[in-house]
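Novice: In the working numbering, the protein residues as written are 84 to 148. Okay, handing you the structure first.
Rendered as structure tokens:
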């Protein structure tokens, strides 16, 4: 499964709304916060995460894209 910023953002918004946060409207910043968090998480994972394959002909460490 590919890493998706929009999917993560949607899940964050759903969780925030289920806890009473207002995520839309001119004074609601929870939706913008969810967008920023999703962008930061995806950027961190895609720039630093590695997967280790321990066996077979593909053994080695690979960067997450």
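For every residue, glycine included, the Cβ atom is placed at its ideal position computed from N, Cα and C.
Residue range of the alpha helix (DSSP H) that residue 143 falls in?
Specialist: Unbroken run through residue 143 is the beta strand (DSSP E), 143-146; no alpha helix (DSSP H).
Novice: Quick check on the burial criterion: 16 or more other C-beta atoms within 10 angstroms. Buried or exposed for residue 96?
Specialist: Buried.
Novice: Between which two residues does the beta strand (DSSP E) carrying residue 134 extend?
Specialist: Residue 134 -> beta strand (DSSP E) spans 133-136.
Novice: Within 10 angstroms of its Cβ, does residue 142 collect 16 or more other Cβ (buried), or is it exposed?
Specialist: The residue is exposed, with fewer than 16 neighbouring Cβ atoms inside 10 Å.
Novice: For a minimum of 3 consecutive residues, which ranges assigned as the beta strand (DSSP E) are wholly contained in the segment 100-130?
Specialist: Fully enclosed beta strand (DSSP E) runs of 3 or longer: not present.
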